[in-house]
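Our numbering applies: residue 1 is where the sequence shown begins, and numbers increase by one. In what follows, a single structure is set out as structure tokens and then discussed.
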Amino acid sequence: MPAAPAGLTRDHPAGAPADYASDDGKTKIERDPIPTLIAQLGHADVAQRSRAADELGKRGAAAATAVPALTRSLKDADRRVRAAVALALGNIGPAADAAVPALVAALKRGPEEVEWSAALALGRMGTPRARRAFARYSRESAGRLVGGSPGR
Numbered sequence: 001m002p003a004a005p006a007g008l009t010r011d012h013p014a015g016a017p018a019d020y021a022s023d024d025g026k027t028k029i030e031r032d033p034i035p036t037l038i039a040q041l042g043h044a045d046v047a048q049r050s051r052a053a054d055e056l057g058k059r060g061a062a063a064a065t066a067v068p069a070l071t072r073s074l075k076d077a078d079r080r081v082r083a084a085v086a087l088a089l090g091n092i093g094p095a096a097d098a099a100v101p102a103l104v105a106a107l108k109r110g111p112e113e114v115e116w117s118a119a120l121a122l123g124r125m126g127t128p129r130a131r132r133a134f135a136r137y138s139r140e141s142a143g144r145l146v147g148g149s150p151g152r
């Protein structure tokens, strides 16, 4: 059998997790990308961190092991990363209930993009604690929108 053309096989990337493997021994396929995605949340590049959060969110409840790392990432210096992280937590759903206090804190810190993402996450999570936090946020937001705070 002829060898595969150059470029069609990939060697084990440097620093890749040990769970890369394939039947032919040449093409490396990561069986569980979640540990790698969790590690990417600490990457120096903002786009990498944001993309990692997006990818974790796409996995829904299967990414529940990422909740502690995502919760820590709600304090990321970049607002885009914080917004992506909040949405990821919402997509993980009830398994991310431990992140509710951090999402509530994100509601208060802003900016708006992060605030809205955190509110959406609480709404999607659907746990009793998340629903209470979302209801409180909704009442406070409605007050700001329709009349501002008393004394204005």
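For glycine and all other residues, C-beta sits at the position ideal for the given N, C-alpha and C. Quick caveat, the model's predicted, so the values are computed rather than measured.
- Query: Where do the ends of the alpha helix (DSSP H) carrying Thr36 lie?
  - Reply: Here the alpha helix (DSSP H) through Thr36 covers Ile34 to Gln40.
**DSSP three-state assignment for Pro101, whether helix, strand or coil** = In this structure, Pro101 counts as helix in the three-state DSSP scheme.
Report all residues from its chain with a CB closer than 7 Å to the CB of Gln48; omit the five preceding and five following residues, and keep chain order. The residues Gln40, in chain order, have a CB closer than 7 Å to that of Gln48 in the same chain once the five nearest residues on each side in sequence are set aside.
* To do: Can you have a look at Glu115 and say buried or exposed, based on whether 16 or more other CB atoms are within 10 angstroms of its CB?
  => In the assembly as shown, Glu115 is a buried residue. Its beta-carbon has 16 or more other beta-carbons within 10 Å.
CB Arg82 to CB Ala52, shorter than 8 Å? Result no, Cβ atoms of Arg82 and Ala52 do not sit closer than 8 Å.
What ranges does the alpha helix (DSSP H) occupy inside the segment 46-80, keeping only unbroken runs of at least 4 residues that lie completely in it? As far as the segment 46-80 is concerned, its whole alpha helix (DSSP H) runs of at least 4 residues are 46-58 and 67-73.
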